[in-house]
Each structure stands twice: as structure tokens, then as C-alpha cells.
Amino acid sequence: MAKSTNLGYPRIGKRRELKRVIERYWRGRADAAELQRVAREVRSAALTVQTEAGLDLIPCGDFTLYDHVLDTSALWGLVPERFGHTAGAEVAVDTYFAMARGDDDTPALELTKWFDTNYHYLVPEFDAGAPYRANNRPVELYNETKGIVGDRAKPVILGPVSFVLLGKHHTKSIADHVAELVPLYRQLLDDLATAGAAWVQVDEPCLVWDLDADTKQVFTVTYAELGKATPQIMLQTYFGSLRDNWDLAMGLPVAGVGLDLVRDPRNLANLRDNGFPEDKVLCAGIVNGRGVWKANLDQALGVLGQIQSQVEQEQLWIGPSCSLLLLPHDVAEESHDEELLRNLSFAEQRLEEIVLLTTAANDGVDAIAAEVEQDERRLRSAATASTTHKNTQERVGNLVDDDFQRSTPIRERLGTQAEALGLPPFPTTTIGSFPQARDVRSMRAKHRRGSITDDEYTAYIQQKIDELIEQQESAGLDVLVHGEFERTDMVEFFAERLDGFITTEYGWVQSYGTRCVRPPIIVGDVHRSAPMTLSEIEYAQSKTSKPVKGMLTGPVTILQWSYPRDDIERRAIAYQIGLALRDEVADLEAAGIKIIQIDEPAFREGLPVAREDWADYLDWAVKAFRLSSSGVEATTQIHSHMCYSEFNDIIEAIDALEADVISIENSRSSGEILQVLRDYDYAGQIGPGVYDIHSPRVPDTPEMTGLLGDAIAALDAEVIWVNPDCGLKTRRDEEVWPALENMVAAARAMRERAASN
Ligand code: GLN
Ligand code: ZN
């Protein structure tokens, strides 16, 4: 019998109950007992849903108070010295949260994107001392789950090789770090078996990376040992195909291998060409864990048929392509039109699909004939009802090279812009958003609910803009912003204004820790029916003689942080969004806005996990950005912003964006980027962030002139802008204004220094 399984479930709670209790706990309004009680309730609700769906195997241990990678660091006692933890002891919950969040004097662990998703994990630090077993949580969670669902409970742990590969500050070789962990893992696996677990899902997502020979060897050595543990190991991979690592994975002495069969066709091709080891169970990830479109049953059955021609029933588990962590909970919570909702699947609906396909695998397609017929009807009506926009399709179809190209070469237009703008050397600016205190959020919420009128809301936003313009002027900033007070989220804001998108009410997905986002869903051709940002920007510009930057989110980021449609290519969607933004840019320019910033914080995150897929991605991503930005006159200056500075391997693409000015994260990354830009002879101007906005700390002027000194040592002084690392939305006014004053002072000091040389 084939079995239905799941790899992981959303863990924040259907109504973000976990977020709320954790934040209360941090503020001292909930005690540890309440925290644990709500956590248990959230776990038990997830178990109920999965049990009622009829799954044969239900993951446990995927739950976390903050992040599953941080849990793994805490499990192995990898607590950096700065947190004052006593080696050998259990990691206290407050130490755990300190590692996640840091405080004034103690930086948190670094937060980084989980593969190519918008989930962020806390990077393990391997100079933290020798690992040891610091708690018994995996076994406790297993016992708790087993108490509710019995033998269906399947523990999930992050495997040692991926855990080490995802970490930093390796003081020894990867092989040595893993070797230290292996006996600990072995013991844990045995303990889980003793507690009753027949199978343990060991996640090794790094098996979809391009691995060098040494790392492959680490996998071989590690699993030679772990394969001897008592429970059967389901070696789980996701977010891509094994490709060159196929033979490696299939050769490991584990009882099962889990494959993502949705992301791209290469796993399925390998399965067809090479078959599957007879002595292993295949966990076939055929239900999409990353997208929200209902499974096309006919297609899924086709894939299932191919799989069944390679593996026996007893060898088959059917599940999602990855943990359902990246999906909202339940479509039924939403109130869009029925027709549309019928085509969507969130986590709960994915479980039904898994169980349905398992029934088909066991009892034949006829056993689900009624559902298949219903699904065909659904697809037919979806096809006729789909929101096509003829004009958009024609515009994408008719694009020519010139549409992606500004009419004047960059070095030439930078000269023209300098004349037109008349900015001082080391011009100062910010990234866009300013602190959004409670009053801003509550006014937006009131407007949403309709308890204040449009006019009242507009007046409020204008008053915020008035204040901010005045404050920026008196702080002495050169290029001003309007502050983004009207935006909750830089993607949702645009999704609400563009045709072809829907937003959700309860579609919360964990981004990191207690921070959740509601990714919009692209449901049809994207089209801009009216200006989206013009009125606020124009208003702000009318209040000052200094330039105000137009502020847009770029096409790649809007796409990357939304759920895409699956009936056209990503490239086409990106171009559609690019065109809508291009129209906005044109309107801003026509209204006299001289500088327009198009943020692309998700540009790097979109890089596919497989190197061989990079070129294609970078080609359309660069073009989509250029489509949005190249319709302007030479005098109009295009800025972009990215929240990181790892450009080493994509510097060519960054250069190809042809942004006149780009602001990046720099204050924490010790200037590596400057060397990269210099070696590449990067053509644009650059604002290497001099103020780390991720911390409440107010940097002083010498610290910032120090960073600027590094910048001019590597690059021409004429190309340097002075700005913070990122938007100031999450900070408080008390922190922001002193820091910006110091920043302006730093720019002035640099000007004086340059003048006296
Ligand atoms: N303009 C945006 C802001 O300042 C950019 C945010 C980002 O890049 N994440 O908030
Ligand atoms: Zn940023």
C-alpha cells in the first residue's frame, strides 16, 4: 500500500496565535507557561487538521517557536559565547530568543534566506564550541504527537550535512564539523526509535545544490554511519532536483529518499531513465508545496502513473514537494468569489490532494473518478473565466530590444544628471520608508475598515508627508523621500493597485520568527489601470525644492514575493509587471519627478538553486527591471536598492541592470563589495549603506566617515552616495533622527576633506 505523508505544516497558527503569544511573552505580558500552552494548542490544531485529512504519516518536530534551524543549533548546544550560555547546559528559552533577536550589546545570529524562498533562517555559528545534546525536544515532541496520533507520527529533523553547510564561522573543515555531530545524531535517531518511531524524516535539502567532490564524500561517510541507526531514515530533499547528485543519494544506505517532483522535470527524468532502488521507499513530492493553484488532477495522475511504473506500492509514499510551511493555512478563510477560490489550494487543501492521489495510487484512478470529473469541469470553467488582458499580452508579444535599453549610455547620462540635479558631492538620501508608529498603522487600518473617509485618510497621509519633508530638510538631507506611510508592505501595496493580483485576508505566511507576510496571488494578466504612487510623490515634491525620489517596488521582487500563476512562464509575468511599472515611471517623470527608485531586494533570492539555471533567470530578471526603468529621458535618474551586498557572483547582472545609482547593505559586510565593484569597473554610482538599520544602535559620525573612507579608497569619490542600509520603517524616530544627523555630518566631513585635498 502506498502511504500518504506530509513533510511539515505551517506553525504560526491559523490566526497567528503563536506570533501573538510570543510577542506578548517578549513584552512581559505572557509567562513561560502561557507561551508553552499556546504553542501546544497550535501544534495540536495542526495535528487535528492533518489527522482529519486522513494522512498516514504526520510530521512532528517541524514545529518551532522561532525557526527550525535555530532549534537545531539549540539542540546541539551551539550557542555563541556572547550569549553567556554555560556549555553543557540546556539552552534556556530566553537564550534561544536572544540568539534570534539579539539586544543592544549582543548581535543576534545572522538572518538569511532559506534557499530561494522568502523564509529566513538563523545561521548556525560553528565557532561556538563543541556540540553536545542540549535538550530532548525531538523526543518530547514525538511523544506528544504519538500520544495524539499514535503510529502515524513521523519525527522530522534537519540532517547534519545540510545543517553544517547552512552555517558559518566554520573553524574546521565541513567534514570535521559534521563528524562531530554524527554520534549525536546517531544517538538521537536511536532514542527516537526507542520512543517508538519506525521512520525518521531527515531533511537534507542541500542535496539539490551543486556539490563538490569533498561534500559528496561527507554525505557518503555521514550516512554510512547514520544508516546503522535503528529507525528507518527517509532522506528528504526539496526545492529542486538531485541532478548530478542522483547516484550519490540513491547509493546512500538509507531506507528512503524523498524527491521534489514539482519544481522542475529533472527528478522525474532521472527516475524514468535510472529507475529507483528496489530496497528504498520513494517519498514522491507530487503536490506543490510552493504554489497556491489547485493540483490539476489529470496531470498529477500522469506523473503518478510514471512513478508507479518504476516503484512498487510498498515502496511509495505520496506527499508535497516540500514542507507546507510556505503556504497559508486555509482557502476557506478567504472571501473572494467562489469561482476563483475553487481554483486555489492552501495547506489544508494540499492535504486533501495528497490523500486523494494516494487513494488513486492504491485503488486505481477509477476510485477517484468523480473528483477527476469535477476537476475537469473546474479547469474548463477556469480557462474561460481566466482574467486575460489583451493589451498586456500584445505589449509583451511586441517587445523589441529598444524597449529594454535607455537611449544614452550610462556614463554619459550620469554627467547630464549631475548637471540637471546639482547635488553636492557625497549626496545624502534614505532608502524610502520612515518609522511607522502605532498612529500610522491604526489610521491605515481604520481606512481599510471604512471607519474614516478617503478624504480624512488622504489628509492624514499628507500631514505625515508634510512633517517628514520638513524634518528631512532640517536634517540637511539632499534627496528626500515621501516616507511610504501609505504602504503596509512594499509588495502588497502594489498588488492591491494592479489588475491581475488578489490579496488575502488571512493568508499569513511566516517570513521569519514572528514576522508574517501575506503574499499576493497573481491570478491573471497584470495591468495598471491607474497611477499607483503618483499622488503621494507629487504631493511630497510640491512641498520642497529638493528632489523627492519616486519609490517603486521592482518587477522581480513583486513576482518573487507573490504566488505566481502557473499557466504562463515567470519571464512573461515579470515582463507584464515590468510594463505596468514602466507606465508608472513615465507618469512620475511627466509630473516632474527627477529621481525614481525601483527597489529589488529579492533579486538575488530569485536565483535558482542550480547554477545551470542561473543564466536563464538572470536574463529575464535583468530584462524585466530594464523594461520598467529604461523608458525615461537621460536626465531622469534611476535608483535601485538591494538589502544585501553579496554581488560577487552576480556582479555582471547587477551591472546589466543599468541603474544609475544603487544603494546596498554595507555596514555589516566589511567592504568586500567595494572591491568587487572596483575590480569589475562598475559603471553606476553607489550608496554603500553606512548605518545598520537592523539594530537600534545610533552610529556616530566617525564610524560613518570610516566606512566612507573605505569606500573612496576603493572607488572614485564622485560615485559615492551616503545612505542607510535599508528602509527605516521598523525603527523608532528617537533612533532614526540622531543617526541621520550623524550621517549628514559624515557626508559634510567627507566634502570638506575632499575640498582640502
Ligand atoms: N523602499 C523600501 C523601504 O525603504 C525598501 C525596503 C527593502 O528594500 N526591503 O522600506
Ligand atoms: Zn533594503
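Each residue of the sequence shown is one higher than the one before, starting from 1255 at the first, in my numbering.
Idealized CB from N, CA, C, for every residue including glycine.
Cβ atoms of ARG1782 and LEU1752: under 8 Å apart, would you say?
Within the sequence shown, numbered from 1, the residue matching residue 1752 stands at position 498. Within the sequence shown, numbered from 1, the residue matching residue 1782 stands at position 528. Yes, they are a contact pair.
Return the CA-CA distance between ARG1951 and VAL1292, expressed in angstroms with no decimal places.
In the sequence shown, residue 1951 corresponds to position 697, counting from 1. In the sequence shown, residue 1292 corresponds to position 38, counting from 1. Taking the Cα positions, ARG1951 is about 33 Å away from VAL1292.
Rounded separation between GLU1727 and LEU1734 - CA only:
On the sequence shown, position 473 is the one that residue 1727 refers to. On the sequence shown, position 480 is the one that residue 1734 refers to. Looking at the two C-alpha atoms, the distance is approximately 8 Å.
Would you decide whether ASN1996 is buried or exposed? Buried here means 16 or more other CB atoms lie within 10 Å of its CB.
Residue mapping note: residue 1996 aligns to position 742 of the sequence shown, counting from 1. Burial call: buried.
Run through the DSSP bridge pairs and tell me what LYS1257 is partnered with.
Taking the first residue of the sequence shown as position 1, residue 1257 is located at position 3. DSSP lists TRP1571 as partners of LYS1257.
Quick one: complete alpha helix (DSSP H) runs, 4+ long, within the region 1578 to 1633?
Qualifying alpha helix (DSSP H) stretches, in chain order: 1592 to 1595, 1601 to 1617.
Can the beta-carbon of GLN1455 be found less than 8 Å from the beta-carbon of LYS1408?
The residue you call residue 1455 lines up with position 201 of the sequence shown. The residue you call residue 1408 lines up with position 154 of the sequence shown. In this structure, LYS1408 lies closer than 8 Å to GLN1455 by Cβ.
LYS1268: beta carbon under 7 Å from a heavy atom of the ligand ADP?
Judged by which ligands are present, the ligand ADP is missing from the structure shown, whose ligands are the ligand GLN and the ligand ZN.
ASP1457 burial status per 10 Å Cβ neighbour count (16 or more: buried)
Locating residue 1457 in the sequence shown gives position 203, counting from the first residue. With 16 or more Cβ atoms within 10 Å of its Cβ, ASP1457 is classed as buried.
Less than 8 Å between the beta carbons of ASP1779 and GLN1717, yes or no?
Taking the first residue of the sequence shown as 1, we reach residue 1779 at position 525. Taking the first residue of the sequence shown as 1, we reach residue 1717 at position 463. No, they are not a contact pair.
For THR1243, the three-state DSSP class (helix, strand or coil)
Any question about residue 1243 goes unanswered here, given that the chain covers just 1255 to 2011.
Sequence-ordered residues whose beta carbon comes within less than 6 Å of a heavy atom of the ligand GLN
Per the Cβ criterion, the list is ILE1685, GLY1686, SER1687, GLU1738, MET1744, MET1805, ASP1853, PRO1855, HIS1895, CYS1897, CYS1980, GLY1981, LYS1983.
Here's the rule: buried if 16 or more other CB atoms are within 10 angstroms of the residue's CB, otherwise exposed. What is ALA1967?
Position 713 of the sequence shown holds residue 1967. In this structure ALA1967 is exposed. Its beta-carbon is surrounded by fewer than 16 other beta-carbon atoms within 10 angstroms.
Would you say LEU1872 and ALA1907 are within 8 Å of each other, going by their C-beta atoms?
What you label residue 1872 is simply residue 618 of the sequence shown in a count that begins at 1. What you label residue 1907 is simply residue 653 of the sequence shown in a count that begins at 1. Against a cut-off of 8 Å, the Cβ pair of ALA1907 and LEU1872 comes out as a contact.
Curious, which full-length beta strand (DSSP E) runs of at least 3 residues does the region 1856 to 1899 contain?
The qualifying runs are 1891 to 1895.
DSSP beta-bridge partners of TRP1453
Translated into the one-based positions of the sequence shown, residue 1453 becomes position 199. GLN1486.
Give the DSSP bridge partners of LEU1734, in chain order.
Within the sequence shown, numbered from 1, the residue matching residue 1734 stands at position 480. Paired residue(s): VAL1802.
Could you check which residue in LEU1363, ASP1979, THR1955, ASP1946 has the C-alpha nearest to that of ILE1940?
The residue given as residue 1940 occupies position 686 in the sequence shown. Measuring from the Cα of ILE1940, the nearest candidate turns out to be ASP1979.
ARG1741 by DSSP, collapsed to three states: which one?
Position 487 of the sequence shown, counted from the first residue, corresponds to residue 1741. If DSSP states are grouped into helix, strand and coil, ARG1741 belongs with coil.
By a C-beta neighbour count over all protein chains shown, 10 Å radius and 16 as the cutoff for buried, is SER1563 buried or exposed?
On the sequence shown, position 309 is the one that residue 1563 refers to. Residue burial is scored here from C-beta neighbours: SER1563 has fewer than 16 other C-beta atoms within 10 angstroms and is therefore classed as exposed.
Under the rule that 16 or more other beta-carbon atoms within 10 Å means buried, what is ASN1920, buried or exposed?
For the purposes of this step, residue 1920 is taken as the residue at position 666 of the sequence shown. In the assembly as shown, ASN1920 is a buried residue. Its beta-carbon has 16 or more other beta-carbons within 10 Å.
Return the residue from the list ARG1355, ASP1325, ASP1321, LEU1329 that minimises the CA-CA distance to PHE1337.
The sequence position of residue 1337 within the sequence shown is 83, counting from 1. Of ARG1355, ASP1325, ASP1321, LEU1329, the residue nearest in Cα terms is ARG1355.
For my contact list, VAL1839 and SER1799 are in at a C-beta cut-off of 8 Å; report their separation, rounded to the angstrom.
Within the sequence shown, numbered from 1, the residue matching residue 1839 stands at position 585. Within the sequence shown, numbered from 1, the residue matching residue 1799 stands at position 545. Contact flag wrong, Cβ pair sits at about 22 Å.
Taking only runs that begin and end inside the region 1482 to 1540, name each unbroken beta strand (DSSP E) of 3 or more residues, in chain order.
As far as the region 1482 to 1540 is concerned, its whole beta strand (DSSP E) runs of at least 3 residues are 1486 to 1490, 1510 to 1514.
Proximity to CYS1897 [Cα-Cα], best of LYS1644, ARG1858, ALA2008
On the sequence shown, residue 1897 is found 643 positions in, with the first residue counted as 1. Comparing Cα-Cα distances from CYS1897 to each of LYS1644, ARG1858, ALA2008, the minimum goes to ARG1858.
Compute the beta-carbon to beta-carbon distance between ASP1316 and LEU1376, rounded to the nearest angstrom, for a pair I have assumed lies under 8 Å.
To locate residue 1316, count along the sequence shown from 1; it is residue 62. To locate residue 1376, count along the sequence shown from 1; it is residue 122. Rounded to whole angstroms, the Cβ separation of ASP1316 and LEU1376 is 16 Å, and the two are not in contact under 8 Å.
When you compare only the Cα positions, how much space is there between ALA1691 and ASP1708?
Translated into the one-based positions of the sequence shown, residue 1691 becomes position 437. Translated into the one-based positions of the sequence shown, residue 1708 becomes position 454. C-alpha separation (whole angstroms): 20 Å.
By the 10 Å Cβ neighbour count, where 16 or more other Cβ atoms means buried, how is LYS1257 classified, buried or exposed?
As a working note, residue 1257 is residue 3 in the sequence shown. By the Cβ-count criterion, LYS1257 is buried, with 16 or more other Cβ atoms from all chains shown falling within 10 Å of its own Cβ.
Delimiting residues of the beta strand (DSSP E) encompassing GLN1564:
By 1-based counting over the sequence shown, the position of residue 1564 is 310. Looking at the DSSP string, GLN1564 is not in any beta strand (DSSP E), and its letter there is neither H nor E.
What is the residue span of the beta strand (DSSP E) that LEU1376 lies within?
For the purposes of this step, residue 1376 is identified with residue 122 of the sequence shown, where counting begins at 1. In the DSSP annotation of this structure, the continuous segment of the beta strand (DSSP E) that includes LEU1376 starts and ends at 1374 to 1376.
Residue range of the beta strand (DSSP E) that LEU1309 falls in?
Reading the sequence shown from its first residue, position 55 is the one you call residue 1309. Here LEU1309 belongs to no beta strand (DSSP E), and DSSP marks it neither H nor E.
Is LEU1677 helix, strand or coil when you go by DSSP?
Taking the sequence shown and counting its residues from 1, one reaches residue 1677 at position 423. In the structure shown, the three-state DSSP call for LEU1677 is coil.
Let me know if ASN1499 comes out buried or exposed under the rule of 16 or more other beta-carbons within 10 Å of its beta-carbon.
Your numbering for residue 1499 matches position 245 in the sequence shown. By the 16-neighbour rule on beta-carbons within 10 angstroms, ASN1499 is buried.
SER1687 - containing beta strand (DSSP E), residue span:
Within the sequence shown, residue 1687 is the residue found at index 433, counting from 1. Counting along the chain, SER1687 falls outside any beta strand (DSSP E), and DSSP gives it neither H nor E.
So what does ILE1776 bridge to, in DSSP terms?
Within the sequence shown, numbered from 1, the residue matching residue 1776 stands at position 522. Note: ILE1776 sits in a beta bridge opposite PHE1755.
What residues in its chain sit with their C-beta under 8 Å from that of ARG1406, if we drop five residues either side in the sequence?
Along the sequence shown, one-based indexing puts residue 1406 at 152. Residues of the same chain with a CB within less than 8 Å of the CB of ARG1406, apart from the 5 flanking positions on each side, are THR1305, LEU1309, ASP1310, LEU1311, ILE1312 in chain order.
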